[in-house]
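Engineer: Right, I'll just put the structure down here and ask away after.
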Amino acid sequence: MRVAEPVLSGEATPCPSRLRHQNCHFHLFPSQARFHRCEPCRHGDHSSGVPGVTPKLVSTALPADAIALLDRGTAAPKQDHAQNSGVRAKRLTWLDTAKGLGIVLVVLGHAAGGLIDMNEPQLSWLHMLMFAIYTFHMPLFFLLSAVLVPARIMKGRPAFARSIVERIVYPYVIWSILQLTVIYLAGSLVNAPVNDYWTTILSLPWHAVSQFWFLYSLAILHLLAMLLPSIGAWGFVAMMVVGRILAQTLPIEGILGQTLLFGVFYGFGLVLNAPRLTQLRKPRPWMAAVGVGVLLLALSFSIRVDLLPLFQQDPRPSAGSVAGAAWELEVLPMAVLGTAVTIGLAMGLKGPLAAGLAYMGRNSMPIFLAHVIFVAGTRIVLWKLFGPIDLLSLLLLLTAIGLIGPLLLRWIAMRLGVAKILALQ
11 MRVAEPVLSG EATPCPSRLR HQNCHFHLFP SQARFHRCEP CRHGDHSSGV PGVTPKLVST
71 ALPADAIALL DRGTAAPKQD HAQNSGVRAK RLTWLDTAKG LGIVLVVLGH AAGGLIDMNE
131 PQLSWLHMLM FAIYTFHMPL FFLLSAVLVP ARIMKGRPAF ARSIVERIVY PYVIWSILQL
191 TVIYLAGSLV NAPVNDYWTT ILSLPWHAVS QFWFLYSLAI LHLLAMLLPS IGAWGFVAMM
251 VVGRILAQTL PIEGILGQTL LFGVFYGFGL VLNAPRLTQL RKPRPWMAAV GVGVLLLALS
311 FSIRVDLLPL FQQDPRPSAG SVAGAAWELE VLPMAVLGTA VTIGLAMGLK GPLAAGLAYM
371 GRNSMPIFLA HVIFVAGTRI VLWKLFGPID LLSLLLLLTA IGLIGPLLLR WIAMRLGVAK
431 ILALQ
């Protein structure tokens, strides 16, 4: 039976005769995935071929080309309505740009944290920079990681479950072992040596290491979204709000505590799904400027209120302590504001800068997996060879290497045919 295929923007559904039903909408989150009605079309029920009959039921399954558009975010599928396709492709390009901004913040934050732990400076701009980044860079990534989940679940839960294993669990295992091995071999040269190698390796199923806790938490949230469709996107948000309160008030530590801290942003990503993505409008330049200004003012206030008291307890706080201060409940407004401003900037950027960020966004997983090894290795070598170096110059250099190194590694792995084995493809 032929059915009309829904489009991403929730606009009129194109029927097989190349005409359009009007006011035909659909919902992506499984709890809203119901058959829906279209207003009468003079060409009748296209699924039955009977003229003059109002179409009754239309499948909500997403076509493959729509999923491809969602997955890529930059290239529209070939359609007869080329103009509409181009608009939808343009509307989704900001997703890659936002991911690019996010991964730059991740690498910059980890580079700053490594310098803090290595040099152990007293209160400095490094602490303030790291605190500012950590208030919103992980909320941003959790939100962006969820916006396409409803569409992928609509493709089928078995396929979505396989993607969790292939895209998250497998990279988590492979790169946790690789990074732990490098750290173990480096010995005392690193900031946090691995003392018990095999115990740490064997505990990976329940204890994430380094930056890979994000993959562990993301896998948990993906599974919850897949297994609890009846609560809907807003129900997921409500559940995670309760979880956030519990995580901040009870001694919940480890991967469960980290998941509860950021699950609410994943929930908002489910709310901001494909139909709503295409309805977001590009902010005007003055709006973006005001947003950045408000964010900077709010961050300066938060640094004074939330970060400075940390130095009264410990004059030389570690990078972990700075991150913990940035994730406190009272800093939550900064997370919301920073995430919104970053998305607004991503929507407004254009030209070579936007293209470069979008490229890094499309390759954010390889960068995320390998950047710590490149950043830490470069920092150790430079510090040993040249001694203390200007911190700003070193920070910029480490960030650049943390971004370029993994991309070069991916390119080499693809040429050697081992990119998939290394989870870099």
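Counting with the working numbering, you get residues 11 to 435 for the letters of the sequence shown. C-beta: ideal position from N, C-alpha, C; glycine also. These numbers come from a predicted model, not from an experiment.
#1: Given F141, which residues of its chain have a CB within under 7 Å of its CB, disregarding the five upstream and five downstream residues?
#2: Taking only the alpha-carbon atoms, compute the straight-line gap between G427 and L417 and give it to the nearest angstrom.
#3: Report the rounded CA-to-CA distance for G387 versus T409, giving the unit in angstroms.
#4: Rounded to a whole number of angstroms, what is the C-alpha to C-alpha distance between A356 and L105?
#5: On the three-pair Cβ rule with 8 Å, is the stretch 213-226 touching the stretch 256-274?
#6: Going straight from the alpha carbon of Q189 to that of R294, what length do you get?
#7: When the Cα of I163 is compared with those of G242, V179 and L225, which residue comes out closest?
#8: Taking 8 Å as the cut-off, decide whether the C-beta atoms of L419 and A380 are in contact.
#9: Have a look at P325 and W208 and give me their C-alpha separation to the nearest angstrom.
#10: May I ask you to verify whether the stretch 343-350 touches the stretch 164-178, counting CB pairs closer than 8 Å and requiring at least 3?
#11: Are the CB atoms of V192 and V385 within a distance shorter than 8 Å?
#12: Where G279 and G354 are concerned, what is the direct C-alpha to C-alpha distance, given to the nearest angstrom?
#13: Indicate whether M344 and F146 have their beta-carbon atoms separated by less than 8 Å.
#14: How many whole angstroms separate the CB atoms of M249 and F170, which I take to be in contact at a CB cut-off of 8 Å?
#15: Could I get the ranges of all uninterrupted alpha helix (DSSP H) runs contained in the stretch 260-342, with 4 residues as the minimum, in chain order?
#16: Quick check: does the Cβ of S173 come within less than 7 Å of any heavy atom belonging to the ligand SAM?
#17: Quick check on T145: does DSSP put it in helix, strand or coil?
#18: Does DSSP put L359 in a helix, a strand or coil?
Structural biologist: In short, the structure shows the following:
#1: I313, L317, V332, A335 and A336
#2: 15 Å
#3: Between the C-alpha atoms of G387 and T409 there is a straight-line separation of about 12 Å.
#4: Going by the C-alpha atoms only, they are around 8 Å apart.
#5: yes
#6: 43 Å
#7: G242
#8: At a Cβ-Cβ threshold of 8 Å, L419 and A380 count as neighbours.
#9: Distance between the alpha carbons of P325 and W208 is about 35 Å.
#10: no
#11: no
#12: 15 Å
#13: Taking a C-beta distance under 8 Å as the contact criterion, M344 and F146 qualify as a contact pair.
#14: Between M249 and F170 a beta carbon distance of about 19 Å is seen, past the 8 Å cut, so the two are scored as non-contacting.
#15: 264-281, 284-287, 295-312, 318-323 and 329-336
#16: The ligand SAM is not among the ligands present in this structure, which contains no ligands whatsoever.
#17: coil
#18: coil
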